[in-house]
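Under our numbering, the first residue of the sequence shown is numbered 2, with each subsequent residue one higher. Cβ atoms here follow ideal geometry from the backbone N, Cα and C, with glycine treated the same way. Quick caveat: nothing in here was measured; it's all calculated off a predicted structure.
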Amino acid sequence: MHLDRALPHLNEINQYAKRKAALIKRRFKLSSADETEVFRKVTSSSKGMFLYAKVVLDNLYEQESEADLEEELAGENFPQGLKEAYDRIAVRIFDSRSPSKKKSASAERILAFVMISESRPLLWREIQSRFCIDIENASANFKRRRLDSPKTICGSLIELTDSEIFPNSPSEQVISIVHDTASRYNILSDLRLILMIAD
Numbered sequence: 002m003h004l005d006r007a008l009p010h011l012n013e014i015n016q017y018a019k020r021k022a023a024l025i026k027r028r029f030k031l032s033s034a035d036e037t038e039v040f041r042k043v044t045s046s047s048k049g050m051f052l053y054a055k056v057v058l059d060n061l062y063e064q065e066s067e068a069d070l071e072e073e074l075a076g077e078n079f080p081q082g083l084k085e086a087y088d089r090i091a092v093r094i095f096d097s098r099s100p101s102k103k104k105s106a107s108a109e110r111i112l113a114f115v116m117i118s119e120s121r122p123l124l125w126r127e128i129q130s131r132f133c134i135d136i137e138n139a140s141a142n143f144k145r146r147r148l149d150s151p152k153t154i155c156g157s158l159i160e161l162t163d164s165e166i167f168p169n170s171p172s173e174q175v176i177s178i179v180h181d182t183a184s185r186y187n188i189l190s191d192l193r194l195i196l197m198i199a200d
């Protein structure tokens, strides 16, 4: 018997997918049939993997338009495994056709800082300081801090958790890669993150 195929586990996936599909329906003003199709497609492709369902549904929710959502649901784009699910997020965030190249650059920097700092978790304020400090000119400009949350910038590639000392303080939130499988699949390796930090 496979634990991931146990009935309670599959029920959790179905309940989560149902809630997320309802949010996707509301966000994109979808029909009930489209909502059901999102639910069916994700749950049948999850093969009992909750993380897959979470990553795919988060990515679908974070699409910028209904047309983008339809494109993600298309057969050739719909991920067939966890690695492909992570790849689809990377495409959305770092696509060169994206209207916001600065947002992509910010996402690259944030992910680089988080991935390189494996020795300890980083707080959002620590990463914000890296945007503000100009080492070459020995100056700091606080107007360079990012106004969007790291979750808005990086999407479902990261997780945010409240710090124990300052709960409910966005600047004190701990940022981490969504799951160690994201690093294991090396989905971010082609982003030249190390070189970017050296700049």
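What first and last residue would you give for the alpha helix (DSSP H) that runs through residue i?
{"i": "residue 175", "result": "Element bounds for residue 175: not the alpha helix (DSSP H) but the beta strand (DSSP E), 175 to 178."}
{"i": "residue 61", "result": "51 to 62"}
{"i": "residue 159", "result": "Per DSSP, residue 159 belongs to no alpha helix (DSSP H); it is in the beta strand (DSSP E), 159 to 162."}
Tell me, which residues are paired with residue i by DSSP?
{"i": "residue 24", "result": "For residue 24, which the question treats as bridged, DSSP gives no partner whatsoever."}
{"i": "residue 44", "result": "Residue 44 is not bridged to any residue."}
Closer than 6 Å by C-beta to residue i: which residues in its own chain qualify, once you throw out the five before and the five after it? Chain order, please.
{"i": "residue 26", "result": "36"}
{"i": "residue 1", "result": "The chain is shown from 2 up to 200; residue 1 falls before or after that span and cannot be answered."}
{"i": "residue 34", "result": "none"}
{"i": "residue 152", "result": "161"}
Just to check my reading of the structure: residue i and residue j have Cβ atoms closer than 8 Å, yes? What is that Cβ distance to the nearest angstrom?
{"i": "residue 70", "j": "residue 61", "result": "6 Å"}
{"i": "residue 141", "j": "residue 133", "result": "5 Å"}
{"i": "residue 210", "j": "residue 55", "result": "The structure shown does not extend to residue 210, since the chain is modelled only from 2 to 200, so the question has no answer here."}
{"i": "residue 81", "j": "residue 46", "result": "7 Å"}
{"i": "residue 58", "j": "residue 21", "result": "4 Å"}
{"i": "residue 171", "j": "residue 157", "result": "With a Cβ gap of about 18 Å, residue 171 and residue 157 do not count as contacting."}
Starting from the C-beta of residue i, find all residues in its chain whose C-beta is less than 8 Å away, skip the five residues before and the five after it, and write them out in chain order.
{"i": "residue 131", "result": "110 and 114"}
{"i": "residue 173", "result": "124, 125, 126, 163, 164, 166 and 167"}
{"i": "residue 122", "result": "175, 176 and 177"}
{"i": "residue 28", "result": "62"}
{"i": "residue 143", "result": "133"}
{"i": "residue 78", "result": "72 and 89"}
{"i": "residue 194", "result": "Residue confidence is low: residue 194 scores 44 on pLDDT, short of 50, so the model does not pin down where it sits. No coordinate-derived value is stated."}
{"i": "residue 179", "result": "56, 157, 158, 159 and 160"}
{"i": "residue 135", "result": "141 and 142"}
{"i": "residue 169", "result": "163"}
{"i": "residue 129", "result": "146, 147 and 172"}
Might you give, ordered along the chain, the residues of its own chain that have their beta carbon closer than 7 Å to the beta carbon of residue i, omitting 5 neighbours on each side?
{"i": "residue 155", "result": "94, 108, 111 and 112"}
{"i": "residue 23", "result": "36"}
{"i": "residue 40", "result": "18, 19 and 22"}
{"i": "residue 11", "result": "49"}
{"i": "residue 104", "result": "154"}
**Within the region 74 to 157, ranges of the alpha helix (DSSP H) (whole runs, at least 4 residues)** = 83 to 95, 102 to 117, 125 to 133 and 151 to 155
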